[in-house]
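A quick write-up on the structure given underneath.
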Amino acid sequence: MKSKKLAKSLVSAAFAASAFLAAPANAEEWKPAEPVTIIVPWSAGGSTDTVTRVVAGELSKAFGQNFVIINQPGASGSVGTRAVWEAPHDGMTMAAGAAADLGAYPVFGTLDATLDQWRLYLHVANPGLVSVRADSEWETFGDLLEAMKSASEPITVSSGGLSSATAISMQALEKAAPGIKFRQIVYEGGNPAVISTVSGETQFTAQTATEQVDMIRAGRLKPLAVIADQPLELQGYGTVPPVTDWLPEVASAPNFFGIFLPADAPKEVLDAMDKVWAEEIANSEVMKKHAAERGALFKATYGEEAAKTALPFLSINAWQQFDSGAAPNDPSKFGIPRPE
495 MKSKKLAKSL VSAAFAASAF LAAPANAEEW KPAEPVTIIV PWSAGGSTDT VTRVVAGELS
555 KAFGQNFVII NQPGASGSVG TRAVWEAPHD GMTMAAGAAA DLGAYPVFGT LDATLDQWRL
615 YLHVANPGLV SVRADSEWET FGDLLEAMKS ASEPITVSSG GLSSATAISM QALEKAAPGI
675 KFRQIVYEGG NPAVISTVSG ETQFTAQTAT EQVDMIRAGR LKPLAVIADQ PLELQGYGTV
735 PPVTDWLPEV ASAPNFFGIF LPADAPKEVL DAMDKVWAEE IANSEVMKKH AAERGALFKA
795 TYGEEAAKTA LPFLSINAWQ QFDSGAAPND PSKFGIPRPE
């Protein structure tokens, strides 16, 4: 499908001064006649997979029809997302993932669809968390930072993919602390990346807190810093300091996850999703409990408000990928503004 000019529509979607969108009062009742497929473009057990299964359960209750998860990993999430884009745009096949990935795909050239061609339904933000094995000699992020500066060989860090939390976090750290030595070991998703650090295959990880929290509570991982400008409270563990305690200039913003539909899906489908998101998902005690238990921030938004919410991190990610040379395409060509 031919991409539209994104700049005008994205800026409008991102910066429109609007409150949380109310669901259309006259929304037609879309009721899927058969199970709806949600494609998770990452492996089972990772943060995207885990939270999407919770969301799917809530959507199944709201619509009276099963929302079925299919894991289709590959090419840093673009394989599964492409499968959704190439399926009929009838609302029966949805994508899941981090909103930032929708900006990363065109920058990497792995998917032509741009942000304005998707309708976003966001639910939680998962911050990146720098953690080491529980028996690691590094007790603070400052210790690890010093090791990366002075090591004769690069320190190994596990990554879930080119646009994973680790990849994005390490680009931010490298920009704030030039000269640090590290080597990313890439796995097919966040869960195997975290397990590699637990097993000692890699020396640390910066995947999401959600992906690490079980291993932290079990005493297998030791969190050193959250990639944010404020502390993270983890139930069953305590407080994790922000990376800005050591590197105040690190660029950070919430990385929101959600469900994505092609924006040209039938109006009755989008209206029904809007209504369910505003009335059911936003007030879901199941979702709120999951977020609190998994070290995530819960904030349900959709449509223009969701695009506005997602844009800060999406912009940071896209421009970091381009500036570092990892991605070949200029984000401005897709209407993604450079973060200030």
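Position 251 (the sequence shown) corresponds to 745 in my numbering; numbering is contiguous.
The C-beta atom is built at its ideal place from N, Cα and C for all residues, glycine as well.
Check	Outcome
For isoleucine 563, the nearest candidate out of Ala581, Asp543, Thr699 and Arg613 (CA to CA)	Asp543
Cα-Cα separation, proline 831 to tryptophan 813	9 Å
Nearest-angstrom Cα separation, counted from alanine 790 out to leucine 623	11 Å
Cβ-Cβ separation, threonine 587 to alanine 581 (assumed contact under 8 Å), whole Å	4 Å
Distance between beta carbons of proline 621 and leucine 726, contact taken as under 8 Å	6 Å
Contiguous beta strand (DSSP E) assignments of at least 3 residues, all confined to the stretch 686-766	715-720, 726-728, 732-734 and 750-756
Whole-angstrom C-beta distance between leucine 718 and methionine 709, which should lie under 8 Å	At roughly 14 Å, the Cβ-Cβ gap does not stay under 8 Å, so methionine 709 and leucine 718 are not in contact.
Three-pair Cβ contact test at 8 Å for the stretch 741-752 versus the stretch 762-769	no
Residues sharing a beta bridge with leucine 614, DSSP	Phe754
Per-residue DSSP class, three states only, for lysine 643	helix
Aspartate 595 classed as buried or exposed, judged by whether at least 16 other C-beta atoms fall within 10 angstroms	buried
Glutamine 559 - DSSP class collapsed to helix/strand/coil	coil
Proximity below 8 Å, CB of alanine 700 to CB of isoleucine 721	yes
Exposed unless 16 or more other CB atoms sit within 10 angstroms - verdict on aspartate 758	exposed
The stretch 675-692 touching the stretch 649-664, judged by at least three CB pairs closer than 8 Å	yes
Cβ-Cβ distance between phenylalanine 698 and valine 626 below 8 Å	yes
Separation of leucine 609 from asparagine 823, as counted between CA atoms	15 Å
Sufficient close CB pairs (3 or more, under 8 Å) joining the stretch 778-793 to the stretch 545-554	yes
Delimiting residues of the alpha helix (DSSP H) encompassing isoleucine 810	797-817
Anticipated Cβ contact below 8 Å, phenylalanine 754 with glycine 591, distance rounded	7 Å
Anticipated Cβ contact below 8 Å, leucine 614 with alanine 800, distance rounded	4 Å
Strand pairing of threonine 476, partner residues [DSSP]	In this structure the chain extends from 495 to 834, so residue 476 is not present and cannot be described.
Span separating the alpha-carbon of glycine 829 from that of asparagine 811	14 Å
Cross-strand partners of phenylalanine 792 (DSSP beta bridge)	Val618
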